[in-house]
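Okay, so here's the structure we're looking at.
4 protein chains.
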Amino acid sequence: MKRFCSFFLMAVAIFSAGPVFAGSRIVTDTISSKVLGADVVCNVYLPDGYDASKHYPVIYLLHGLTDTYSAWVEKGNMYLVADELMETGECVPTVIVMPNAGNPDVHKVWNGYFNMEGWSYEDFFFNEFLPRVEAKYNAGGSKGSRAVMGLSMGGGGSVVYCQRHPDKFSSCYAMSAWLDDGDRDVGDVNEAKKDKLYHTYMAVRNHSALDFVRNADDATLENLRTVKWFIDCGDDDFLFDLSVGLHQLMRDRKVKSELTVRNGVHNWEYWHQALRIALPFASRNFSRE
Amino acid sequence: MKRFCSFFLMAVAIFSAGPVFAGSRIVTDTISSKVLGADVVCNVYLPDGYDASKHYPVIYLLHGLTDTYSAWVEKGNMYLVADELMETGECVPTVIVMPNAGNPDVHKVWNGYFNMEGWSYEDFFFNEFLPRVEAKYNAGGSKGSRAVMGLSMGGGGSVVYCQRHPDKFSSCYAMSAWLDDGDRDVGDVNEAKKDKLYHTYMAVRNHSALDFVRNADDATLENLRTVKWFIDCGDDDFLFDLSVGLHQLMRDRKVKSELTVRNGVHNWEYWHQALRIALPFASRNFSRE
Amino acid sequence: MKRFCSFFLMAVAIFSAGPVFAGSRIVTDTISSKVLGADVVCNVYLPDGYDASKHYPVIYLLHGLTDTYSAWVEKGNMYLVADELMETGECVPTVIVMPNAGNPDVHKVWNGYFNMEGWSYEDFFFNEFLPRVEAKYNAGGSKGSRAVMGLSMGGGGSVVYCQRHPDKFSSCYAMSAWLDDGDRDVGDVNEAKKDKLYHTYMAVRNHSALDFVRNADDATLENLRTVKWFIDCGDDDFLFDLSVGLHQLMRDRKVKSELTVRNGVHNWEYWHQALRIALPFASRNFSRE
Amino acid sequence: MKRFCSFFLMAVAIFSAGPVFAGSRIVTDTISSKVLGADVVCNVYLPDGYDASKHYPVIYLLHGLTDTYSAWVEKGNMYLVADELMETGECVPTVIVMPNAGNPDVHKVWNGYFNMEGWSYEDFFFNEFLPRVEAKYNAGGSKGSRAVMGLSMGGGGSVVYCQRHPDKFSSCYAMSAWLDDGDRDVGDVNEAKKDKLYHTYMAVRNHSALDFVRNADDATLENLRTVKWFIDCGDDDFLFDLSVGLHQLMRDRKVKSELTVRNGVHNWEYWHQALRIALPFASRNFSRE
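Sequence order for the protein chains is A, B, C and D.
So our numbering is basically just the index in the first sequence, starting at one, shifted up by 9.
So our numbering is basically just the index in the second sequence, starting at one, shifted up by 9.
So our numbering is basically just the index in the third sequence, starting at one, shifted up by 9.
So our numbering is basically just the index in the fourth sequence, starting at one, shifted up by 9.
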């Protein structure tokens with residue numbers, strides 16, 4: 010009867026367990042922000058065998074417009090990818106932080122990673138969120154042990170954060186990034202239309218990633234070269250031209266970036282596959298200390 | 010203002026839309042079975058542009074133990090994979106049928122794809138389910154336009170269905186398959202333990218896939234050779250030896266099968282990636298008519 | 010002693026054999042051209058089990074500048090890729106024809122796939138080469154059973170051939186394609202510099218692939234849509250902008266094309282990997298007859 | 010005229026250059042061995058920007074039976090793979106050493122990586138070759154900065170070297186490995202048949218990799234666990250069962266190893282693709298110092 014019992018126990022153990030790499034955990038945490046005057050929720054992935062007395066590198070993994078801090082876990086199954094890649098060593102054990110920066114109700118709720126009138130998210134991110142979350146989970150703490158990546162609005166956020174804070178991140182991985190190319194004329198917008206989505210949109214415009222490269226002076230370019238860049242966008246993505254345009258601009262100004270264009274559109278299939286490339290990329294660009 | 014409006018419209022259109030390949034649909038249907046004396050639910054994936062007046066090939070996509078007909082949609086996001094591969098032509102437009110064969114409450118509810126005392130699922134599948142669902146959705150109808158694939162218990166189901174009904178399927182793709190290798194001694198099992206899970210387990214034993222190949226006569230082997238076989242199992246899967254053993258047995262008896270062993274365990278990350286390989290495999294093995 | 014002998018025999022059989030899929034063959038053939046007033050050499054890949062009494066689809070596989078008809082065999086090991094993909098069925102059994110269109114001595118010898126003053130290669134290709142080679146090897150014969158692909162100058166040749174003869178090819182796969190974007194001013198070139206390379210370069214200009222799409226009328230666009238297009242170029246290729254530009258132009262004019270950008274440069278590592286994608290692409294776009 | 014000239018110069022620069030990542034070099038070197046009483050040739054890959062005053066990790070890349078030190082360069086195009094992966098950082102800059110251990114004339118010339126009567130290659134390798142080549146190229150020097158990998162006979166060599174010298178290598182990548190499983194009866198071999206190939210074959214038997222794991226005591230197993238293992242073998246390789254068997258044995262004895270089974274046979278297509286996986290694997294398992 011042993012064999013049957015062992016299968017029986019195995020079945021109970023395995024099939025009921027959910028994710029099979031048992032050790033990793035998702036913690037939902039809240040950071041109270043004075044800058045924003047609000048609490049900001051985040052998910053934190055702690056790797057298998059996480060030990061608070063040891064120090065870990067950190068990855069900030071940013072969600073897109075109409076999503077929240079839970080999207081990478083619930084829609085992207087990021088823990089399955091992270092578990093697998095850390096198990097093989099393709100990604101070193103890393104704390105992965107997924108802060109909230111939005112809500113599906115895009116017209117009524119603040120969205121995005123940039124400072125806007127009345128909502129200084131970037132200030133919050135660098136002055137409050139980053140130091141506190143890194144202290145709490147004993148992670149990051151230096152450019153060499155910190156990376157940022159994200160999808161769509163979060164891909165744009167990753168790029169702009171690394172442009173404006175190149176001393177903070179060792180690498181940037183932009184998936185299907187929502188970027189501004191600086192040549193669009195918004196025209197007169199009716200005051201009634203100036204809702205939260207309008208402000209999000211204008212913030213992206215005002216942090217034009219392509220203009221930033223176009224206008225960068227030598228010192229700025231030199232700083233950009235200290236970041237490892239990876240741009241990844243589907244061949245049928247409606248934002249395709251922005252990713253390619255950024256790659257071309259950076260190349261022309263001697264800022265090396267990897268570019269990958271795979272089959273796909275602006276969806277979770279693309280981003281799930283992207284994460285399989287992004288985590289090893291971030292990992293191998295952490296400092297070897 | 011045009012530009013802003015167009016982005017605004019785009020945002021509403023795209024971001025609110027969920028899956029971006031808009032045309033495909035998941036239909037939940039019910040087949041009332043006399044054989045089982047029960048209703049059996051299934052999900053049916055209808056490809057982009059599905060037109061009931063046209064004929065389609067059909068794939069049966071089987072779930073595992075402790076899961077239901079909805080697992081491939083809800084946990085496996087099968088529509089994202091199918092949408093993408095049909096968009097590029099790597100998979101031809103195909104109706105994908107996901108029948109129910111279980112429930113997380115494995116001790117109390119019937120599970121599995123085989124005939125057991127009191128639950129003749131295989132009879133139901135071939136005599137009731139298959140003809141009715143194919144007639145209803147104008148799909149399949151012949152070996153050349155029909156394939157079967159599945160994970161774990163559903164991988165075993167796929168293999169055994171193709172062993173016992175090689176005239177029905179053009180191809181079989183078994184993911185992390187739960188198979189029996191015929192050498193296990195169950196011993197005396199306490200009557201009290203003979204619950205539904207016990208019956209499921211015994212049904213797998215009684216339909217030993219490895220013994221089937223070992224004991225096959227020449228005519229049977231010749232029939233097996235009319236099916237295209239693909240076996241896919243993670244290197245750290247607790248069922249690994251069964252998949253490899255089946256491949257070796259078939260090879261030794263000149264029944265060609267593909268084998269892939271990728272990094273991974275018995276989880277949805279593995280099966281999601283497997284589906285990306287399985288759908289084109291099934292598709293290219295449909296008859297070219 | 011059996012075991013040792015069997016290994017001994019195996020060693021002799023396997024290790025001495027070169028390519029292990031024994032059945033395929035490379036035939037070197039010559040077509041005598043009246044149009045060119047010259048003999049043109051080609052390599053022809055005949056698949057495992059090739060039977061002259063059966064009909065096969067055909068792929069024209071074009072080499073690049075400074076190379077010859079033997080490059081895909083000798084530098085690209087195309088038979089290893091073709092053997093493997095045909096063995097699994099990812100590519101159906103296909104005759105693959107590699108015509109000569111150049112020579113490393115680019116200044117003194119005719120190069121390229123287009124008509125030039127004194128060297129009407131395109132006329133030769135469609136009026137002499139294609140019908141004769143297809144008759145001889147019982148391959149192709151119709152749009153639905155014919156594809157073209159190539160690298161660099163041969164990628165450009167593939168694109169332009171499909172633009173000008175969309176009724177002839179079911180699909181086009183352009184690797185690191187040398188294309189013209191129509192906006193370059195050559196200026197006055199010293200007569201002394203007008204050697205064979207100059208003529209090759211001018212022929213590419215005069216067959217500007219990007220201008221062709223820009224200037225296409227509705228009927229032309231409709232014809233382009235009957236071809237399946239795939240553009241594949243390395244992110245660090247010096248010709249990168251041309252491939253992306255072509256994809257963007259075609260997309261804007263509603264001619265669907267796949268685009269893949271992988272890591273890499275203008276070299277055989279890239280093209281070898283490209284061939285692994287290209288052969289299944291061509292295969293699945295042959296007519297199902 | 011600028012544009013034409015620039016293309017002209019580009020063409021000369023690029024097309025004539027061979028490998029486009031210009032910086033790496035293959036050096037052919039010779040080590041004079043007292044142990045063997047012979048000179049042993051090797052190829053050494055020096056990465057782009059190699060600087061003899063800096064220290065590098067080292068990979069030993071072993072060839073198979075009937076091949077020589079030049080096979081990985083000439084048939085495997087290993088420099089294309091190494092160049093690409095080092096350019097992206099997937100592999101850190103590494104010296105790759107390819108020593109000679111054979112000859113196509115297998116019956117008359119010494120072959121293999123093990124000690125045999127009259128040919129103590131293993132002694133040569135560890136006592137003469139390894140220290141001298143590492144000193145000369147300022148590479149390796151410790152377990153943490155040294156890896157070994159190879160194909161067929163060289164895959165078996167890699168496995169056995171790491172079994173017998175686990176203190177020397179951080180990782181082992183075995184491609185299509187020729188291993189011994191310890192259960193074969195050679196029987197009486199005619200003295201006349203006892204040529205060089207016989208000795209090679211017997212040396213593999215006498216260094217049975219599977220028996221080594223079967224018979225390992227706890228201390229030996231603990232040492233094996235200090236090496237990262239990766240086994241990679243084609244599903245249609247005639248040596249398939251040996252690779253799978255080794256993985257299963259190691260797993261059962263709690264020595265973790267990765268296993269990959271991809272489509273393929275015992276040929277250069279398989280090994281070329283394997284190298285794309287092997288170099289990053291070795292690289293990420295070098296010590297981070």
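For every residue, glycine included, the Cβ atom is placed at its ideal position computed from N, Cα and C.
Chain C within 7 Å of residue i, Cβ atoms only
i         : result
LEU268(A) : yes
ARG293(B) : yes
Residue i: first and last residue of the uninterrupted alpha helix (DSSP H) it sits in
i         : result
ARG155(D) : First-last for ARG155(D): 155-160, but that is the beta strand (DSSP E), not the alpha helix (DSSP H).
TYR210(A) : 205-215
GLY98(A)  : First-last for GLY98(A): undefined, no H or E at that position.
ARG293(A) : 277-293
GLY254(D) : 249-261
ASN232(C) : 227-233
ARG223(B) : 218-224
ALA80(C)  : 80-83
C-beta neighbour in chain A for residue i, strict 7 Å
i         : result
ASN272(B) : yes
ASP192(C) : no
LEU288(D) : no
Interface flag, residue i vs chain B, CB-CB below 7 Å
i         : result
GLU200(A) : no
GLU143(A) : no
GLU93(A)  : yes
PHE134(D) : no
Cross-chain neighbours of residue i in chain A, by beta carbon under 8 Å
i        : result
VAL90(B) : GLU278
Counterpart residues of residue i in DSSP-defined beta bridges
i         : result
TYR54(D)  : ILE35(D) and ILE105(D)
CYS181(C) : VAL157(C) and TRP238(C)
ASP48(A)  : SER41(A)
ILE68(D)  : ILE105(D) and ALA156(D)
GLU267(C) : PHE239(C)
SER129(C) : ASN124(C)
ALA148(B) : TYR65(B)
Min CB distance residue i to chain D below 7 Å
i         : result
VAL253(B) : yes
SER180(C) : no
Per-residue contacts from residue i into chain B (C-beta, under 7 Å)
i         : result
ASP246(D) : Here the premise fails: no neighbours, minimum Cβ distance about 11 Å.
Chain A residues whose Cβ lies nearer than 7 Å to that of residue i
i         : result
GLN282(C) : Within 7 Å Cβ-Cβ: nothing; GLN282(C) doesn't reach chain A, min ~13 Å.
Chain C contact residues for residue i, given Cβ-Cβ distances below 9 Å
i         : result
GLN257(A) : PHE249, ASP250 and VAL253
Legend entry - Selection of the stretch 97-129 of chain A by Cβ proximity to chain D, strictly under 8 Å: THR97, GLY98 and GLU99
Legend entry - Where the stretch 61-88 of chain B meets chain C: residues whose CB sits under 9 Å from a CB there: none
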